[in-house]
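> Before I ask anything, here is the structure I am working with.
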Amino acid sequence: MKNITLICAMGMSTSMLMKKMQEAAKVKQLDVNIAAMAESSFDPGKMQTDILLLGPQISFRLDEIKRKYEPMGIKVVSVNMADYGMMRGDKVLEDALALLN
Amino acid sequence: MDKLTKALEKVLMPISAKISGNKSLQAVAKGFISILTVTLVGSIFYLIGNFPVPAWTNFLTNAGLTNYILIPYNVTIGLLAVYTAFTISYAYVTAEKGDAFSAGIVSLISFFIVTPFVTNENGELLYNFNWLGSKGLFVAIIVAVIVAKICVFIEKKGWTIKMPEGVPPYVGKAFACLAPGFVCSLLFGIVAYVFALTSFGSVHQFIFNYLQIPLYALGGSLIGYLLGQVLIQLLWWFGIHGFNVVGSVMMPIWLGIDAARLAGESSSPFGMSMMTAVGQSTVSVVIVLMFFCKSKQLKQLGKVAAPAAVFNIGEPVVFGVPNVLNPYMFIPTVILVPLVTNLFFYFGFASGIVPPLSGAQVSMQVPVVLYGLVQGNWILALWQLLAIPLAVVLFMPFYKMYDKTLVDREQETESGE
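Order-wise, the sequence lines are chains P and B.
Those letters in the first sequence? Residues -8 to 92, by our numbering.
Those letters in the second sequence? Residues 3 to 419, by our numbering.
Here it is as structure tokens:
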């Protein structure tokens, strides 16, 4: 079981991508848990997370967020801009899982 | 252009990261976001109580219900400063993983200490709503941040009363906020005393005159407001969430102006509600993409982005076109459309054709036109409807130009295969 958490400024657009990723995971019958929320509501204590995906609109804060969560053993990456724009859930899911293996 | 872009990026990225990463600004923004429900609840009742149908308002007045319907408004937006005093301190200390609840309470205590109350002829103590609403907002922000910093400092130093072993942790916790509570009460008690000796009478009057009024004048002026809007879009052009950065500085000002307008203390049309009424013209972009672009990429994107665009979510467009660092998109997305659409609405308000916005908050995610209707402002809904073709026309030539380069590229790859 892998846990993927998506964060952005308000948790709106990432929740759209989350849905697409969940659909892709269902099709491929993958055992993943995908959640999306505002960056400010993310709490690794409450939300088990293996990889934290940043919406490109907050990836200018990647360094700061990395410093905060990587010591806790969470992988932090920002989503590819084009995949995010086109809401390619399958591609984002694939890339995230590849990073975890 | 390329050089200029790189130079700008070098400046904007770290500044944005600094602003968004600033603990105090972050806490202020989070504090405001967490009272959004408070302002939305208040706004709903305000809109119901003032719905512009004479038969309805007359009925409310005759039945003596107006004041009752407005109670939720009065105790939410009317007491805005009280809520923020708690939420900002709470947000700050939560991020620092300290005792956030105690910090929120101590902040409330401190806010009330610097807020003057009066004794009436019966010897009863009375607070005036005056400083507890939008007028006291900046004092609430300042007090909350200072209290939070003190609480975090004291907690890190470990200046707490240590309970002997065997005392239940719950009891120990009750004593934990004793030190910050005492220090803050003393500090703000002195502040209250010192300001009572001045001609201002209270720290509220001082901050209101020398900070809040100038900031409202700046952020609530046409130039200040437009600059803010262009800056938001400029950051988006660099792929940075513009409102996330600009809003963490401007939200107290723009929300404060709205609250002041609701209370009849301001007539400036600029604020959060104007910004949400004008929107980001995402619907117009999607119309251009779906019906006027020929490349597969943009057509496909139009379909993907349409459902989000209805709810004013722009990310698929911003990153899918992409608008980010796209030279074709600089003029329309950063300058032309934000300026023209905002001025179009400003003209509507300034000329008196569109009735002024009450200042009530309606969620940014309410679709345009429906937004105007929810505000109980039919003409505003009409204005939003007219703004759609207006932005379509403004976007069109730029998107067509860019679309043509994509069509050429798509044909090249196809013939290449």
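Quick reminder that beta carbons are idealized off the backbone N, C-alpha and C, glycines included.
Would you kindly work out how many angstroms separate the C-alpha atoms of threonine 7(B) and valine 319(B), rounded to a whole number?
Threonine 7(B) and valine 319(B): Cα-Cα distance of roughly 21 Å.
> Against chain P, with Cβ distances strictly below 9 Å, would leucine 224(B) count as a contact?
Judged by the 9 Å Cβ criterion, leucine 224(B) is not in contact with chain P.
> Could you tell me whether the Cβ of glutamate 55(P) comes closer than 9 Å to any Cβ of chain D?
Note that chain D does not occur in the displayed structure, where the protein chains are P and B.
> Interface residues of chain P around valine 368(B) at Cβ under 7 Å?
Neighbours of valine 368(B) on chain P: none; closest Cβ ~13 Å, over 7 Å.
> Should leucine 8(P) be listed as close to the ligand ZN, given that the test is whether its C-beta is under 8 Å from any heavy atom?
You won't find the ligand ZN in this model; it holds no ligand whatsoever.
> Looking at C-beta atoms only, is the number of pairs between the region 201 to 220 of chain B and the region 305 to 325 of chain B that lie closer than 8 Å three or more?
no
> Would lysine 296(B) pass as a contact of lysine 406(B) if the rule is Cβ separation under 9 Å?
yes
> I want to see whether chain B comes within less than 9 Å of isoleucine 49(P), judged by CB atoms only; does it?
yes
> Can you give me the Cβ contacts of phenylalanine 34(B) inside the same chain, cut-off strictly under 6 Å, excluding the 5 residues immediately before and after it?
Met253
> Check for me: the alpha helix (DSSP H) holding lysine 301(B) runs from which residue to which?
298 to 312
> So for leucine 217(B), helix, strand or coil by DSSP?
helix
> Is serine 223(B) closer than 9 Å to serine 270(B) when the C-beta atoms are compared?
yes
> Closest Cβ-Cβ distance between tyrosine 60(P) and chain B: below 9 Å?
no
> So, with DSSP's three-state summary, where would you put cysteine -1(P)?
strand
> Under the rule that 16 or more other beta-carbon atoms within 10 Å means buried, what is methionine 63(P), buried or exposed?
exposed
> Would you say the region 82 to 92 of chain P touches the region 45 to 55 of chain B, given that touching needs at least three Cβ pairs under 8 Å?
Not touching, per the Cβ criterion.
> Who pairs with tyrosine 129(B) in a beta bridge, going by DSSP?
Phe119(B)
> Relative to the C-alpha of tyrosine 348(B), which residue among Gly258(B), Ile225(B) and Ala261(B) is closest?
Ile225(B)
> Output needed for alanine 262(B): all residues of its chain with C-beta closer than 6 Å, excluding positions within five of it in sequence on either side, in chain order.
Only Ser136 and Ser268 meet the Cβ criterion.
> By the three-class DSSP mapping on this structure, what secondary structure does valine 319(B) have?
helix
> For chain P, check one thing: does any of its Cβ atoms lie closer than 9 Å to the Cβ of serine 22(B)?
Chain P, which has a Cβ nearer than 9 Å to the Cβ of serine 22(B), makes this yes.
> Near proline 47(P), what residues of its chain come up, given a Cβ to Cβ distance below 7 Å and the 5 sequence neighbours on each side ignored?
Ser69, Val70, Met72 and Tyr75
> Helix, strand or coil for isoleucine 42(P)? Go by DSSP, reduced to three states.
strand
> For the alpha helix (DSSP H) containing asparagine 344(B), list its first residue and its last residue.
339 to 353
> Classify threonine 78(B): buried if its beta carbon has 16 or more other beta carbons within 10 angstroms, exposed otherwise.
buried
> Consult DSSP for serine 360(B) and reduce its assignment to one of helix, strand or coil.
coil
> Look at the Cβ atom of glycine 258(B), then the Cβ atom of leucine 139(B), and state whether they are nearer than 9 Å.
yes
> Please state the DSSP three-state secondary structure of alanine 26(P).
strand
> Identify the continuous alpha helix (DSSP H) that holds serine 26(B) and give its terminal residues.
25 to 36
> In whole angstroms, what is the alpha-carbon distance linking valine 120(B) and serine 112(B)?
17 Å
> With DSSP run on the structure shown, which of helix, strand or coil describes valine 67(P)?
Secondary structure of valine 67(P) (DSSP, three-state): strand.
> Taking only beta-carbon atoms, is tryptophan 238(B) less than 9 Å away from chain P?
yes
> Let me make sure I understand the geometry here. Which of Leu375(B), Trp161(B), Glu123(B) and Leu291(B) has the alpha-carbon closest to that of lysine 402(B)?
Leu291(B)
> On the DSSP bridge assignment, give the partners of lysine -7(P) in chain order.
Beta bridge pairing from DSSP links lysine -7(P) with Val23(P).
> Run the CB neighbour count on isoleucine 255(B), radius 10 Å, all protein chains shown included, and call it buried at 16 or more, exposed below.
It is buried - the Cβ of isoleucine 255(B) has at least 16 other Cβ atoms within 10 Å.
> Taking CB distances under 9 Å as the criterion, tell me whether alanine 102(B) reaches chain P.
no
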